[in-house]
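Position 225 of the sequence shown, counted from 1, bears residue number 218 in the numbering used here, the numbering being contiguous throughout. Beta carbons: idealized from backbone N, C-alpha and C, even for Gly. Every value quoted in this text rests on a predicted model; they were computed, and no experiment measured them.
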Amino acid sequence: MILTDYLLCQKSIQWQYAKQMGIDHAVIRLPEDNQFDLNDKTHWETIYKRFRDEGLKPIVIEPMPEALHAHIKTGDERRDECIDKVIGMLPIMDALDIRTICFNFMAHIGWYRSSSDIKERGGALVTGFDIDEFKAEDDFIITEKQLWDNLAYFLNAVVPYAEKYNIRLALHPDDPPVPRLGGVSRILTSSENISKAIHIVRSDNLGITMCQATYAAMGENLEEAIPAFARDGKLFFAHFRDISGNKYKFRETFHDNGQTDMAKIIRIYDKCSCHVPIRVDHVPTMAGEDNNTPGYAIAGRLYAIGYLKGLMDGRLTPAD
Ligand SMILES: [Mn+2]
């Protein structure tokens, strides 16, 4: 696996922490404002150089910029112009050797939690989800069939260009992986459906982001799902994360305090010869920190990366 950290494009102390922890590769979140033209190579080069000057190489874009993707997922009247913009990103990524985009197909409602201040070990704060606490903010409706149609429309349009420019499209599951939130259906909620999705177009450039905790919330057995996707050459990127609970009711945990044997999972990636980017995800907010960015506070992230790095080094022992 290639250890990465998830970084915004404005230089921050997190960039320094990444370097200090020995990380050389970045998963980057592109600016989502009108100043950044996704199809202007010079705009990308400015950001790319900023990272390279600090010794960080961007290798994954996450997520697909929502300003485009929201229209694609709901399939509204701006869909085609947005798909053209996505296609226009690919030759730029090729030129900069950024080979992977992590994208999802959660329409209208993205990553969702019903609370963000649940107490984890020692009083650290984590996010959680309880289906009984979900309250719709509007009456937006999208059906499963519309989502499957919109996903197929998008993949049929974009995958040929992903192949042409050798960019990997890494589909992230729906989080939480429930069948619907109010009137908003969700389809990428099981290994079976995700397998179906990444075979809508047959391509070596279409695969998955193994967001471990989301697959665990689905009730999938990670020790089977990871080798199955990896064997088919479909595992492009991993989110290292754990929870306690199931898809209808769960809370995040420290990475060493959830329901998954994380050491075993890291050994499994290794056994499958999975040499793909991995990043930690959704860390607890720890003592002394504000909880303004639940899941993305600093101290928890330092701890999680250190823990992941230890497991990655541990895999080299001949215990298995
Ligand atoms: Mn994830």
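Do residue i and residue j have their CB atoms nearer than 8 Å?
| i | j | result |
| --- | --- | --- |
| S196 | E156 | yes |
| A256 | I236 | no |
| I102 | F147 | no |
| T93 | V119 | no |
| R234 | H275 | yes |
| E126 | S107 | yes |
| I323 | S178 | The chain is shown from -6 up to 313; residue 323 falls before or after that span and cannot be answered. |
| F230 | P170 | no |
Using DSSP with H/G/I as helix, E/B as strand and the rest coil, what is residue i?
| i | result |
| --- | --- |
| C75 | helix |
| E217 | helix |
| Y(-1) | strand |
| I160 | coil |
| L181 | coil |
| A129 | coil |
| P270 | strand |
| L31 | coil |
| V53 | strand |
| L174 | strand |
| R195 | coil |
| I187 | helix |
Taking all protein chains shown into account, do 16 or more other C-beta atoms lie within 10 angstroms of the C-beta of residue i, making it buried, or fewer, making it exposed?
| i | result |
| --- | --- |
| N149 | exposed |
| P277 | buried |
| A314 | Any answer about residue 314 is impossible in this case: the structure gives the chain only from -6 up to 313. |
| E74 | exposed |
| D5 | Note that residue 5 is Ser in the sequence shown, not Asp. Exposed, by the Cβ-count rule. |
| E25 | exposed |
Kindly indicate the opening and closing residues of the beta strand (DSSP E) around residue i.
| i | result |
| --- | --- |
| I298 | That residue, I298, is in no beta strand (DSSP E); its alpha helix (DSSP H) goes I291 to G307. |
| T14 | Looking at the sequence itself, residue 14 is Met, so the reference to Thr does not match. Premise fails: M14 is in no beta strand (DSSP E) and is neither H nor E. |
| E245 | K242 to E245 |
| D123 | L118 to D123 |
| K112 | S108 to K112 |
Which residues does DSSP pair with residue i in a beta bridge?
| i | result |
| --- | --- |
| T202 | F230 |
| G238 | F243 |
| V288 | Sequence check: residue 288 is Gly here, not Val. The partner list for G288 (beta bridge, DSSP) reads V276. |
| I102 | Per DSSP, none; premise fails for I102. |
| C95 | A163 |
Does any heavy atom of ligand 3 sit closer than 7 Å to the C-beta of residue i?
| i | result |
| --- | --- |
| T286 | Ligands displayed in this structure: ligand 1; ligand 3 is not among them. |
Can you name the start and end residues of the alpha helix (DSSP H) that residue i belongs to?
| i | result |
| --- | --- |
| K4 | Neither: K4 is in no alpha helix (DSSP H) and is coded neither H nor E. |
| T67 | E59 to T67 |
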